[in-house]
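Q: In my numbering, the protein residues as written are 166 to 904. By construction, the Cβ of each residue, glycine as well, lies at the ideal position given by its N, Cα and C atoms. On a predicted model such as this, the values are computed, not experimentally measured, just so you know.
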Ligand code: ADP
Ligand code: ZN
Ligand code: ZN
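Take a look at the structure:
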């Protein structure tokens, strides 16, 4: 019997740890948990993480294989991140190997050394380049150079030439041209971490108003202790300024700050503002980075060169070793929840990390999640409010526009169109929000009623006229638009409902002389397109904005004086119990994009349900009142946050197999259900998706610990008993979506 068994978490859906012998020539005594180990895994190789060294194994010792190589001398993740990952593994019941992998940049997952690359030169923008950017006419005819310069301006720490390839196609030639003009310069790797030609720490640091000062003081008083604050304030109320003050204080104490932002909240404007104000280098972690850039930023967080780490969801695992504060901006944002694989909630994990480290956590939002409001109500979080826009003015007035019996022009009522016309005539800007891309959600036959169903999903295919295709937004299947009805042959096929593309067409017709910017996923796919649309809006070339929720975050449109919510009804009667909360948050987020303190803008909501109580509450009394009402409703119906949920989802090609699996799952849970309600098996709201049948079992408990006790006892049985590989299943703890 060997005396040192390496217990290794291998990224794999299998819920177990794998045992190996140490590699030949390796002294296991020097190995520490958290180092990466390359191991044979089935017929391939994998990179796993050493969890512990044991003198026991449940595997037949003769069947043990030796690991191949140990990749690190030091654990690749600091101890506190390891502790967080172990916590997350237990809470979300996800395989440890995959949990570890989620915390690492892709290159480390693939076995690259966890050290900065030796001598690759990095490039940064030179002072002359900054000037060239400022005089835009210089670059009008060199869009590739402009893109590269923009990118470099966003990365004062310098960028490796290879990672520029993801910015423009012919990066080498473009870079050469920029060098020839003296607009870029190379820097030695050592200098890379220090920001270039740093603008002297800003001249204009505003004096805080009373509410901001109180918020800053409250958090500052708790530095060095675990405490969660909910910083509630409408857009423009000065939350970011509060973050900056706190960050400066924590930096002055020599500690690091982690800032989590939603996926589309990480805008160049936000980063520019942070960089301008903060003395220490800042590292960003988000999906837009090349693998090498991401690894470098990650290493800068780990070795402490980066004082501030700003990132999206997975940055909650950033390896900063000396954190003094965690900030989660727009804490209500759904993108903090990972929706597949390891389904963690980054805001919730940020709170756990703060607790493990004994440091404060600040959650900021104009429209906090009901979960967070509830935590304030029961005294767990402390509320800090910023009730006014800086410079005066409250929230923009909201009007409800009753669409019933109104003639509609492509989803737009006459009164709304008239208001749009009025604002445009005054040379102002207008934003119309419709959270549905494409031309129309379906095509139908006026003769027989046929609808453009997807062959693989219980869903309709969306009509995209620009691309001349019907596209399923759920499985991606697409085909040319039918010319005649496949059932009756009629050619009278019509678009059903409205998407942003249709809105754009209608508005082009109505306002032919006004520039329109449609901002949705379809129209911004091309690199640089979003930026150029936004630039056109800023300089007034396009004054009518149409967009989906892409518009709801990060960007600010000071000249917009009218915001129209084209269709609020989706949210009012959605199948998900969170639909109303989402809609309220989206409405206010979109409203917050517009105007300035002296010109706050008006919001008009089109609806067929003008008397809906939640909508009324939101409009007449604002978000806090809405939240209180919505919470009362959740309490009376015993829904989260007054109950705790876990969702067992399953799918298979054959519906029988899914149901059979879920019945077994339910039967296995029944003996241990104390305090937990089992709901289902029931078909998923969209039963068929991408050709697979989906069903689910919902577990709900009034007490969190009862739910988790059940999961702890039940899941091992389920994993043992589940042998039907035709059925895929997953568990979602604290699901944010019930389908
Ligand atoms: P939020 O993050 O809540 O949207 P910001 O912090 O971005 O609000 O503040 C909105 C605007 O007001 C910004 O331009 C900011 O520079 C400015 N601002 C913030 N606080 C103050 C203050 N105390 N005095 C003057 N201007 C301020
Ligand atoms: Zn027909
Ligand atoms: Zn489909």
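Quick check: does the Cβ of residue 374 come within less than 8 Å of any heavy atom belonging to ligand 1?
A: yes
Q: Keeping to the same chain, check which residues put their C-beta closer than 6 Å to that of residue 403; ignore five residues upstream and five downstream.
A: 377, 551, 555
Q: Mark residue 492 as exposed unless 16 or more other C-beta atoms lie within 10 angstroms of its C-beta, in which case mark it buried.
A: Buried, since its Cβ has 16 or more Cβ neighbours within 10 Å.
Q: Starting from the C-beta of residue 234, find all residues in its chain whose C-beta is less than 6 Å away, skip the five residues before and the five after it, and write them out in chain order.
A: 188, 203
Q: Helix, strand or coil for residue 399, going by three-state DSSP, please let me know.
A: coil
Q: Cα-Cα, which of 273, 245, 800, 401 is closest to residue 763?
A: With distances taken between Cα atoms, residue 763 lies closest to 401.
Q: Round the Cβ separation of residue 605 and residue 616 to the nearest angstrom and send it over; I've been treating them as touching at under 8 Å.
A: Wrong, their Cβ atoms sit about 11 Å apart, outside the cutoff.
Q: Considering residue 385, what are the terminal residues of the alpha helix (DSSP H) in which it resides?
A: Segment 375-385, the alpha helix (DSSP H) holding residue 385.
Q: Beta-carbon within less than 6 Å of residue 729's beta-carbon, same chain only, minus the 5 sequence neighbours each way: which residues are those?
A: 581, 597, 769
Q: Which residue spans inside the stretch 519-557 form an unbroken beta strand (DSSP E) run of at least 3?
A: 525-530, 546-551
Q: Quick one: does the C-beta of residue 652 sit closer than 8 Å to a heavy atom of ligand 2?
A: yes
Q: Restricting to Cα atoms, I'd like to know which of 535, 666, 818 is closest to residue 687.
A: 666
Q: Using beta-carbon positions only, say whether residue 830 and residue 846 come within less than 9 Å of one another.
A: yes
Q: Please name the residue, chosen from 194, 249, 877, that lies closest to residue 521 on a Cα-to-Cα basis.
A: Ranking the options by Cα distance to residue 521, first place goes to 249.
Q: Out of 443, 609, 883, 792, state which residue places its alpha-carbon closest to the alpha-carbon of residue 421.
A: 443
Q: Grab me the residues of residue 180's own chain with a C-beta within less than 6 Å of its C-beta, minus the 5 sequence neighbours each way, in chain order.
A: 260, 884
Q: Nearest-angstrom Cα distance between residue 920 and residue 645?
A: A query on residue 920 cannot be resolved here, the shown segment of the chain reaching from 166 to 904 and no further.
Q: Label residue 275 either buried or exposed according to how many other C-beta atoms from any shown protein chain fall within 10 Å of its C-beta, with 16 as the threshold for buried.
A: By the 10 Å Cβ count, residue 275 comes out exposed.
Q: Looking only at DSSP bridge pairs, what is residue 564 linked to?
A: 769
Q: So, with DSSP's three-state summary, where would you put residue 180?
A: In the structure shown, residue 180 sits in coil (DSSP, three-state: anything other than H, G, I, E or B).
Q: Under a Cβ-count criterion, where at least 16 other Cβ atoms within 10 Å of its own Cβ denotes burial, should residue 185 be classed as buried or exposed?
A: buried
Q: If we ignore side chains and look at the alpha-carbon of each, how far apart do residue 359 and residue 518 end up?
A: Low confidence applies here, because residue 359 scores a pLDDT of 45, under 50, leaving its location unreliable; read the following figure in that light. Going by the C-alpha atoms only, they are around 28 Å apart.
Q: Here's a check: name, in chain order, each residue in its chain whose Cβ is nearer than 7 Å to the Cβ of residue 535, leaving out the five neighbours to either side.
A: 746, 792, 795, 796, 799, 806
Q: Which residues mark the beginning and the end of the beta strand (DSSP E) in which residue 209 is found?
A: 209-219
Q: Express the C-alpha separation of residue 859 and residue 843 in angstroms, rounding to a whole number.
A: 17 Å
Q: Assuming the contact rule is C-beta atoms closer than 8 Å, residue 345 and residue 288 should be a hit. Round their C-beta distance to whole Å, please.
A: That belief does not hold up - the Cβ atoms of residue 345 and residue 288 are roughly 13 Å apart, past 8 Å.
Q: If we count Cβ pairs, one from each stretch, closer than 8 Å, do we get three or more for the stretch 445-459 versus the stretch 467-479?
A: Short answer: they touch.
Q: Only counting the same chain, and skipping five residues up and downstream in sequence, which positions put a Cβ closer than 6 Å to that of residue 785?
A: none
Q: Please name the residue in 739, 266, 323, 199 whose C-alpha comes closest to that of residue 241.
A: 199
Q: Can you say whether residue 150 is buried or exposed, counting buried as having 16 or more other CB atoms within 10 angstroms of its CB?
A: One cannot answer for residue 150 here, as it falls past the ends of the chain, which runs 166 to 904.
Q: Out of 780, 595, 485, point me to the one whose CA is closest to residue 681's CA.
A: 595
Q: I need the straight-line Cα distance from residue 888 to residue 881, nearest angstrom please.
A: 13 Å
Q: Once DSSP output is grouped into helix, strand and coil, what is the label at residue 429?
A: helix
Q: Count the other CB atoms within 10 Å of the CB of residue 363; is the residue buried (16 or more) or exposed (fewer)?
A: With a pLDDT of only 47 at residue 363, under 50, the local geometry of the prediction cannot be trusted, and the value read off the model is given with reservation. That one is exposed.
Q: Could you have a look at residue 791 and say whether DSSP puts it in helix, strand or coil?
A: helix
Q: Are there 16 or more other CB atoms within 10 angstroms of the CB of residue 320, so buried, or fewer, so exposed?
A: buried
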